[in-house]
Amino acid sequence: MPPRKRARPNSTAMRMVGEQLAVCRIAKGLTQKELGKLVGLQEESIASIEQGRRPLMPDVAVLLDQVLGLPGVFAVAAHKMPQIDVIPPWAEPLINLEQKAVALSSYENQVIPGLLQTEAYAQAVFRSRTPRYTDGEVADQTVARLDRQTTLRREKPMQASFVIWEPALACPLGGPAVLQEQLRHLLTCSEWVGVSIQILPVDRPSHPALDGPFVLLETPNYQHIAYVESQRGSLVVSDLDEVSILAQRYAMLRTQALNPEETRDLLKQLLGDP
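For the sequence shown, this note's numbering assigns the number 67 to the initial residue and increments by one for each residue that follows.
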């Protein structure tokens, strides 16, 4: 669900700059109060900047560089601060969990899962957004999505299972050529170590997950977590009863879906391969 307090649109960048300021201040042996006096700010203001709750203003950034003996580092940060985060605040929990997970189970019913998207398909997804992204924003979002995919190819790969409802394979986002490339990429991904892809055919007489897509993750300390995203927000679920319900639904999805070999045959059929 959307956070009750609306996150600042560039909150990720602000937190990063704040953490860098804290490191530099401590390296100089200064307290927040001492640094505040040197640059004309209250102790609480320095704390707010370091915690990513207050933006770093350009004039303050110049003073910080002078006091901390830096060659314009914070001045550059203040002038180059992005207007919006590349990753929406409500999606950050999923990104963080993906990078550490030992197992992931993902059900998608509208588009190809982000971890399996091609560059062109991802661009088409972001260009479909309303209100529309600028060309620069589409490029930034696409790069961020492709960066996420490295988690499937790390040295010790996670066990990743994907169930995709068949209508997502027929939606020609970006045009027929983009869809064709995406289907071929799915076929390639299905051969990766630790990756299982299954298509849930549209002709099944029942459907255990009509409420929408979701992701199940297992952390290195064996904690089971679910992630559910809506139009304008998300929910990270750790309650064992709720996670269990989604796990049961995913088990039913896998039971009703084509197995991985049948899925590859379907993809080849859609691609016109012999």
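From the three backbone atoms N, C-alpha and C, an ideal C-beta is built for every residue, glycine too.
These numbers come from a predicted model, not from an experiment.
Heavy atom of the ligand MG within 8 Å of TRP231 beta-carbon: Among the ligands in the structure shown, none appear at all, so the ligand MG cannot be discussed.
Reference GLU284, options ALA169, GLN86 and GLY278, closest by Cα: ALA169
Helix, strand or coil at VAL83 [DSSP, three-state]: helix
6 Å CB neighbourhood of PRO279 in its chain, flanking five on each side removed: TYR173, GLU174 and ASN175
Contact check, LEU218 vs ALA205, beta carbons under 9 Å: no
The segment 125-144 contacting the segment 85-101, beta-carbon criterion three pairs below 8 Å: yes
Exposure of ARG211, with buried meaning 16 or more beta-carbon neighbours within 10 Å: buried
Validate contact between the segment 286-294 and the segment 249-259 using beta carbons, cut 8 Å, 3 pairs: no
Where the beta strand (DSSP E) containing TYR187 begins and where it ends: Element bounds for TYR187: not the beta strand (DSSP E) but the alpha helix (DSSP H), 185-193.
8 Å contact criterion, which LEU324 and LEU332 should meet: CB distance rounded: 6 Å
Coarse secondary structure for HIS290, derived from DSSP in three states: strand
Those residues which DSSP pairs with TYR173 across a bridge: VAL229 and PHE280
Whole-angstrom distance between ASP213 and GLN322, CA atom to CA atom: 32 Å
Cβ-based neighbour list, ILE112, same chain, cut-off 7 Å, excluding 5 preceding and 5 following: GLN98, LEU101 and GLY102
Backbone secondary structure at VAL303 - three-state DSSP: strand
Where SER310 sits in the DSSP three-state scheme: helix
Beta-carbon spacing of LEU182, PHE140 below 9 Å: no
DSSP bridge partner residues for GLU295 (one or two, in chain order): SER300
Own chain, CB closer than 8 Å to PRO124, minus 5 neighbours either side, in chain order: ALA141, ALA144 and HIS145
Of the residues THR216, ILE265, ALA317 and ALA79, the one placed nearest LEU282, counting alpha carbons only: ALA317
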